[in-house]
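**Q** Keeping their order, the protein sequence lines are chains A and B.
The working numbering puts the first residue of the first sequence at 1, with every later residue one more than the last.
The working numbering puts the first residue of the second sequence at 1001, with every later residue one more than the last.
Using N, Cα and C, we set each Cβ at its ideal position, and we do this for glycine too.
Let me give you the structure first, and then I'll get to my questions.
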Amino acid sequence: MAERTFRDGARAVGPLAIAVAGFGISFGVIARAVGFGWLAPIVMSATTFAGSAQFASVSVLRDGGTVAAAVAAALLLNARYAPIGISVAPYLTGSVVSRFVHAQLVVDESWAIAAEGEGRFSRSMLLGAGVVLYVSWVAGTTVGAIVGQGIGDPAALGLDAAFAALFLGLLVPLLRDRRHVAAAALGAGIALALTPFAPAGVPIIAASAACLLGLKR
Amino acid sequence: MSQTWLLVALVGAGTVAIKAIGPVLLGGRPLPGSLSRVIELLAPALLGALVAWQTFGIGEALAIDERVIGVAAAAVAIWRRAPLLVVVIVATLTTALARAIL
């Protein structure tokens, strides 16, 4: 297989970038409606770059929660980026500063697109997809925060199904043997079983424990 | 207002740190054997969880709604070896259509 490039990563993530921009718009709209003003949502998208955590923290505040509860919800959701970061670490070469910056481009979608199976990742795919997603997330947030209400709901357009479809499309080629199928099924089972009982974020980070099946020979 | 900026600063700093841990501390070096066997299964485990959560999860609850139809259509497209772009578009359009009809 030919070496995959930055441009391949950017192209692969194209369709999803539209959905991400749509959700960026709705994040901007919602955050503004909660009283964030127009600048704070944009700054948050540019610095945090993790959609589900941003939605979660804003909704905790909206429902009358404290700042501490909102921060905890967001960081629990983002805890999965610790193991995800470790998984790509061998492929992020370069100085400490460039590794630090490149690590920020890791989100679920760029990580999944860069996965080549058997624990290998393409650095250029990761960065290409990450840059496109970052730009569409921040641009979408900017539009939503400035224009505000009156923009269509991404769910009505079916964009909320785009993420599950993408993750499924990226998962299937990784299912090379029984161990991989078992890990995927166990991960899905853990996430579904815990969702009604555990705070947001906990089911996903708990599901990552399914990879401990790798210790079994 | 200051509450907002406190939240933005804390979530931003925490997320940046979480994302940086692995690449900054372990960057550019192969993982030790047992860790790499575990990490190899991280992608299927997390992707399985994300598919399930994105299909059935609404915040901290589970629900069966039109997304299921969209994801089922995507599964058919994947089975027919459609490119990823087509898979995502099929899921989006099918879900939107189901919402318009149902």
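For the alpha helix (DSSP H) holding Ala115(A), just list the boundary residues, first then last.
**A** Taken as a continuous stretch (DSSP letters only), Ala115(A) belongs to no alpha helix (DSSP H), being part of the beta strand (DSSP E) at Ala115 to Gly117.
**Q** Rounded C-beta distance between Ala114(A) and Leu133(A)? I'm assuming under 8 Å.
**A** About 12 Å separates the two Cβ atoms, so there is no contact after all.
**Q** Can you check which of these residues, Gly14(A), Thr47(A) and Ile18(A), is closest to Gly1012(B) by C-alpha distance?
**A** Checked all of Gly14(A), Thr47(A) and Ile18(A); the closest Cα to Gly1012(B) is Thr47(A).
**Q** Return the chain-ordered list of same chain residues with a C-beta closer than 8 Å to the C-beta of Ile190(A), the five sequence neighbours on each side being excluded.
**A** Around Ile190(A): Pro203, Ala206, Ala207, Ala209 and Ala210.
**Q** Are the Cβ atoms of Pro41(A) and Ala145(A) separated by less than 9 Å?
**A** A contact, by the Cβ cut-off of 9 Å.
**Q** Using the C-alpha atoms, what's the distance from Phe1056(B) back to Asp1065(B)?
**A** One C-alpha to the other measures close to 8 Å.
**Q** Starting from the C-beta of Thr1095(B), find all residues in its chain whose C-beta is less than 7 Å away, skip the five residues before and the five after it, and write them out in chain order.
**A** Around Thr1095(B): Glu1066, Arg1067, Ile1069 and Gly1070.
**Q** In three-state DSSP terms, what is Arg1029(B)?
**A** Residue state, collapsed to three classes: coil.
**Q** Along chain B, in chain order, which residues have C-beta atoms closer than 7 Å to that of Ile25(A)?
**A** Chain B residues near Ile25(A): none, gap ~15 Å exceeds 7 Å.
**Q** Throw me the rounded Cβ distance for the Gly1048(B) and Ala164(A) pair, which I believe falls under 8 Å.
**A** Not a contact, Cβ separation roughly 11 Å.
**Q** Scan the stretch 178 to 201 of chain A for residues whose Cβ lies nearer than 9 Å to a Cβ of chain B and list them as they occur along the chain.
**A** So the list reads Arg179, His180, Val181, Ala182, Ala183, Ala184, Ala185, Leu186, Gly187, Ala188, Gly189, Ile190, Ala191, Leu192, Thr195, Pro196, Phe197, Ala198, Pro199 and Ala200, given in the order they occur along the chain.
**Q** Closer than 7 Å, Cβ to any Cβ of chain A: which residues of the stretch 1057 to 1076 of chain B, in chain order?
**A** Under the 7 Å Cβ criterion, the stretch 1057 to 1076 of chain B contributes Gly1057, Gly1059, Glu1060, Ala1061, Leu1062, Arg1067, Gly1070, Val1071, Ala1074 and Ala1075.
**Q** Helix, strand or coil, according to DSSP, for Ile1058(B) in the structure here?
**A** In the structure shown, Ile1058(B) sits in a strand (DSSP, three-state: E or B).
**Q** Starting from Asp8(A), trace the alpha helix (DSSP H) both ways and give me its first and last residue.
**A** Its alpha helix (DSSP H) spans residues Phe6 to Ala12.
**Q** Could you tell me whether the Cβ of Gly144(A) comes closer than 9 Å to any Cβ of chain B?
**A** No, because no Cβ of chain B sits closer than 9 Å to the Cβ of Gly144(A).
**Q** My assumption, with CB atoms under 8 Å, is that Ala70(A) sits in contact with Ser57(A). Please give the rounded CB distance.
**A** 4 Å between Cβ atoms; contact.
**Q** Phe197(A): buried (16+ other C-beta within 10 angstroms of its C-beta) or exposed?
**A** Exposed is the call here.
**Q** With 8 Å as the limit, tell me which residues of the stretch 152 to 166 of chain A have their beta carbon closer than that to any beta carbon of chain E; keep them in chain order.
**A** Reference to chain E is not applicable here, since the protein chains of this structure are A and B.
**Q** Is there contact between the stretch 74 to 82 of chain A and the stretch 158 to 175 of chain A, where contact requires at least three CB pairs shorter than 8 Å?
**A** The stretch 74 to 82 of chain A, when compared against the stretch 158 to 175 of chain A, does not touch it at the 8 Å Cβ threshold.
**Q** Let me see if you follow: with CB-CB separation under 9 Å, is Gly128(A) close to chain B or not?
**A** Chain B, which has no Cβ nearer than 9 Å to the Cβ of Gly128(A), makes this no.
**Q** Residue ranges of each alpha helix (DSSP H) run of no fewer than 4 residues wholly in the stretch 11 to 58 of chain A, ordered along the chain?
**A** With a minimum length of 4 residues, the continuous alpha helix (DSSP H) runs that stay inside the stretch 11 to 58 of chain A are 14 to 34 and 39 to 48.
**Q** Please tell me whether Glu1040(B) and Gly214(A) are closer than 9 Å, where the distance is taken between their beta carbons.
**A** Contact: yes.
**Q** Taking C-alpha atoms, which residue in Val1008(B), Ala1052(B) and Leu1062(B) lies nearest to Leu171(A)?
**A** Among Val1008(B), Ala1052(B) and Leu1062(B), the Cα nearest to that of Leu171(A) belongs to Ala1052(B).
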